[in-house]
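In short: position in the sequence shown from 1, add 4, done, that's the working numbering.
Don't be surprised by glycine CBs; every beta carbon is placed ideally from N, CA and C.
Have a look at the structure below before the remarks.
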Amino acid sequence: MIGHVQTNKVKYMAPYVSLIHGVDSLKLLQEINKQAAKNNRVIDCLLQVYIAEEESKFGLDEQELEEILNKILDSARNDNNEFKNIRVIGLMGMATFTENQNQIEKEFKHLKTIFDKYKTLNTQHCQLNTLSMGMSGDYQLAISCGSTMVRIGSSIFGSR
């Protein structure tokens with residue numbers, strides 16, 4: 005599932021999705037875990053980090069990201085299984101929609117720095133190996149900045 009996810013929609017997709025691409029709150033992550041448990045599944049998730057300089061984008065700031073990762077790690081250490089039905093496999097971010105390549109590169113490099121800070125975390129429910137950034141218009145720059153997953157739907161299917 006790519007795109008902004010509302011918590012009340014998770015129950016409809018939990019039986020089917022293999023990866024939720026943009027988890028932007030602890031509340032949403034907890035709901036995904038709850039609905040995955042109801043379906044006896046573990047759902048992979050990417051935590052969405054806010055890197056753009058525009059208000060139309062969603063995502064966690066660095067403090068919120070750290071708090072969520074610490075909650076997952078504490079859950080694993082204390083074996084309380086609060087997050088036993090999710091697996092955070094990486095981070096994703098969307099750069100500012102602009103022609104300014106320097107701006108986009110700065111934002112991608114910032115996300116890569118954040119990813120590198122946490123990629124050594126390794127528990128059953130947190131194994132950061134995916135860095136999703138870049139879309140049809142900037143995927144080459146994203147790859148050069150360390151992206152391991154790009155979203156190129158409009159290059160494949162055309163613009164809306």
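Residue i versus residue j - alpha carbon distance
i      : j      : result
Met5   : Lys38  : Low per-residue confidence applies at Met5: pLDDT is 49, beneath 50, and the placement is therefore not dependable enough to give any value.
Lys13  : Ile90  : 16 Å
Met98  : Val21  : 21 Å
Leu115 : Gly26  : 14 Å
Arg191 : Leu135 : Missing from the structure shown is residue 191; the chain here goes from 5 to 164 and no further.
Asp83  : Ser163 : 46 Å
Asn43  : Met153 : 27 Å
Asp120 : Ala146 : 15 Å
Met46  : Glu59  : In the sequence as presented, Met is not what sits at residue 46; that position holds Val. Cα to Cα, the separation comes out at about 32 Å.
Ile36  : Ser140 : 28 Å
Nearest residue (CA-CA) to residue i, options the options
i      : options                       : result
Phe101 : Thr127, Ile93, Glu111         : Glu111
Asn133 : Ile93, Glu103, Thr127, Ala99  : Ile93
Asn104 : Asn44, Gln131, Ala56          : Ala56
Leu30  : Glu59, Glu86, Arg45           : Glu86
Val9   : Leu50, Glu58, Leu135, Lys113  : Leu50
Phe62  : Met96, Asn126, Leu135         : Met96
Asn74  : Asn106, Asp48, Lys113, Thr127 : Thr127
Gln34  : Arg81, Lys88, Asp78           : Lys88
Asp78  : Leu125, Gln144, Val46         : Leu125
Ile118 : Gln67, Phe161, Met139         : Gln67
Gln131 : Phe161, Ala80, Asn106         : Ala80
CB contact flag (residue i, residue j, <7 Å)
i      : j      : result
Met137 : Ser148 : no
His1   : Ile76  : What is shown of the chain runs 5 to 164, which leaves residue 1 out entirely.
Ala40  : Ala18  : yes
Val53  : Leu32  : no
Ile108 : Asp65  : no
For residue i, three-class secondary structure by DSSP
i      : result
Asn133 : strand
Thr152 : coil
Met5   : Caution is warranted here: a pLDDT of 49 is assigned to Met5, below 50, making its placement in the model unreliable, and the coordinate value is therefore given only provisionally. In this structure, Met5 counts as coil in the three-state DSSP scheme.
First and last residue of the uninterrupted alpha helix (DSSP H) at residue i
i      : result
Met96  : First-last for Met96: 90-97, but that is the beta strand (DSSP E), not the alpha helix (DSSP H).
His114 : 105-122
Asp48  : It is not in any alpha helix (DSSP H) - Asp48 instead sits in the beta strand (DSSP E) that spans 47-52.
Leu125 : Run containing Leu125: none; DSSP gives neither H nor E here.
Leu77  : 66-82
Endpoints, beta strand (DSSP E) assigned at residue i
i     : result
Ile24 : 23-27
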